[in-house]
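The structure appears right after this line, and notes come after that.
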Amino acid sequence: MSAVAAEPGRLSRPGATSAKPWGRRPYIVQGVAYVSLDALAAELSRRRDQHALDADFDDPVIAEVINTMHPEIVASTQTAIRFRKRSMETLPSWIRAQCPATWRFEAFFVPLQRWQDVTAYPWRKRGSPLTDLKSALRAIFREHCRPKIAEACAVCGRAERLEFDHIAPSFDEIAQECLGLMTPEEIITKFDYDQFDPDRMTLAAFIPLEHPAIVHMIATHRIGRFQWLCHEHHQIVTAQRRRDAKRRERVHVE
Ligand SMILES: [Zn+2]
Numbered sequence: 009m010s011a012v013a014a015e016p017g018r019l020s021r022p023g024a025t026s027a028k029p030w031g032r033r034p035y036i037v038q039g040v041a042y043v044s045l046d047a048l049a050a051e052l053s054r055r056r057d058q059h060a061l062d063a064d065f066d067d068p069v070i071a072e073v074i075n076t077m078h079p080e081i082v083a084s085t086q087t088a089i090r091f092r093k094r095s096m097e098t099l100p101s102w103i104r105a106q107c108p109a110t111w112r113f114e115a116f117f118v119p120l121q122r123w124q125d126v127t128a129y130p131w132r133k134r135g136s137p138l139t140d141l142k143s144a145l146r147a148i149f150r151e152h153c154r155p156k157i158a159e160a161c162a163v164c165g166r167a168e169r170l171e172f173d174h175i176a177p178s179f180d181e182i183a184q185e186c187l188g189l190m191t192p193e194e195i196i197t198k199f200d201y202d203q204f205d206p207d208r209m210t211l212a213a214f215i216p217l218e219h220p221a222i223v224h225m226i227a228t229h230r231i232g233r234f235q236w237l238c239h240e241h242h243q244i245v246t247a248q249r250r251r252d253a254k255r256r257e258r259v260h261v262e
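If you're matching positions, the sequence shown starts at 9 in the numbering used here and goes up one per residue.
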């Protein structure tokens, strides 16, 4: 692992590498020593908790952590200068589809001149490319395949809190087939995903709709069996399916 090159305006932390720019303990941020990354995380969380949703703020501790401990940001020419907890209601549905939380953390970057989602805990392990691509596929599915208007629960007929249920094939099966149609290069680079791209804000936007994986997903949806279920029946149906799958596995082993 190579050491982080000293860049103008970037702190080089003791023990830092390009993959782990947070270096070794204690972690000094704004002159304060934190004995562990957990202790630093608690301070970051306490600071974020002080702010209301959708109100932007300055925070020198959060800024130093993001600008000096985040591998992708350290490697970029971008600097985070302001922060906000953005409520999900203010985000378009195709972004909400990828993130079930009530808000997401964003920083305003220069020279990008744009708010961008970012983690405040850059040392926490992020998903593998496959996990990220699978959530991107889910977002594309919701945007381009799933019927926009929910009707009623297929079991009880209620129209509240409807969720889309894949009877067959399951979304996992569809996603596995789609991933199989991507090249190793496309998977490793995540279609050259760049979170600082000026026009495309999510990984889903980097996967061309005419890519064989997406063409396959759209074609599969045309022949697949799907239904709308209320939240309660979706849970019951999903649990039953899991039990059935386990039983089939047991029969297979015996
Ligand atoms: Zn129902």
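Note that the Cβ used here is the ideal one computed from N, Cα and C, for glycine as well.
These numbers were taken from a predicted model, which means no experiment stands behind them.
Using three-state DSSP, classify ILE36 as helix, strand or coil. Residue state, collapsed to three classes: strand.
Q. Do GLU181 and HIS242 come within 7 Å of each other at the CB atom, strictly closer than that value?
A. Cβ distance not < 7 Å, so HIS242 and GLU181 don't count as in contact.
Practice prompt. Using 10 angstroms around the beta-carbon of ALA14, count the other beta-carbons present and answer buried if the total reaches 16, otherwise exposed.
Written response: Because the pLDDT at ALA14 is just 42, under 50, the model does not fix this residue reliably, and the value given afterwards should be weighed accordingly. Classified as exposed, ALA14 has fewer than 16 neighbouring CB atoms from the shown chains inside 10 Å of its CB.
Practice problem: Would you kindly report the start and end of the unbroken alpha helix (DSSP H) that includes SER44? | Solution: It is not in any alpha helix (DSSP H) - SER44 carries neither H nor E in the DSSP assignment.
- prompt: Name the DSSP bridge partner or partners of SER95?
  reply: DSSP, once it has assigned bridges, lists TRP111 as partnering SER95.
For ILE175, report the span of its beta strand (DSSP E) as first-last. Unbroken beta strand (DSSP E) run through ILE175: 170-176.
- Query: Are there 16 or more other CB atoms within 10 angstroms of the CB of THR3, so buried, or fewer, so exposed?
  - Reply: Limits of the chain in this structure are 9 at one end and 262 at the other, which puts residue 3 out of reach.
Nearest-angstrom Cα distance between PHE204 and LEU211? Their backbone Cα atoms lie some 11 Å apart in a straight line.
Reference LYS142, options ILE215, ILE81 and PRO79, closest by Cα: Closest by alpha carbon: ILE215.
message = Which of the three DSSP states is assigned to ARG231 in this structure?
response = A small correction: the amino acid at residue 231 is Ile; Arg does not occupy that position in the sequence shown. Here DSSP, grouped into helix, strand and coil, assigns ILE231 to helix.
My output table needs one value for ALA128: the three-state DSSP class, helix, strand or coil. Three-state DSSP puts ALA128 in coil, outside helix and strand.
Query raised in the report: If you count every other CB in all the chains shown that lies within 10 Å of the CB of HIS78, and 16 or more means buried, which is it?
Result: The residue in question, HIS78, is buried, as its Cβ has 16 or more Cβ neighbours within 10 Å.
Practice problem: Consider the C-beta atom of VAL163 and the heavy atoms of ligand 1; say whether any pair is separated by less than 6 Å. | Solution: The answer is yes for VAL163.
Residue range of the alpha helix (DSSP H) that includes HIS152 = Here the alpha helix (DSSP H) through HIS152 covers 137-152.
Report task. For ASP66, collect the residues of the same chain with a Cβ closer than 7 Å to its Cβ; drop the 5 residues on either side in sequence, then sort them by chain order. Result -> Within the same chain, Cβ atoms closer than 7 Å to the Cβ of ASP66 are found at ARG90, the five residues on either side in sequence being excluded.
Exercise for review: May I have the straight-line CA-CA distance separating THR110 from MET96, to the nearest angstrom?
Suggested key: Roughly 5 Å between the two C-alpha positions.
Quiz item: Anyone know if the C-beta pair for ARG233 and ILE175 falls short of 7 Å?
Solution: The answer is yes: Cβ separation under 7 Å.
#### Entry: For ASP180, the first and last residue of its enclosing alpha helix (DSSP H)
Here the alpha helix (DSSP H) through ASP180 covers 179-188.
Check whether the Cβ of ARG166 sits closer than 6 Å to any heavy atom of ligand 1, and report yes or no. Flag set: Cβ of ARG166 near ligand 1.
Check: Using DSSP with H/G/I as helix, E/B as strand and the rest coil, what is ILE244?
Finding: Reduced to three states, the DSSP call for ILE244 is helix.
_Cβ neighbours of CYS164 in the same chain (closer than 7 Å, five flanking residues each side left out)_ = Apart from the 5 residues on each side of it in sequence, CYS164 sits with its Cβ closer than 7 Å to the Cβ of CYS238 and HIS241 in its chain, given in chain order.
Could you have a look at ALA11 and say whether DSSP puts it in helix, strand or coil?
-> Any reading at ALA11 must be qualified, since the residue scores a pLDDT of 42, below 50, and its modelled position is unreliable; no value is offered.
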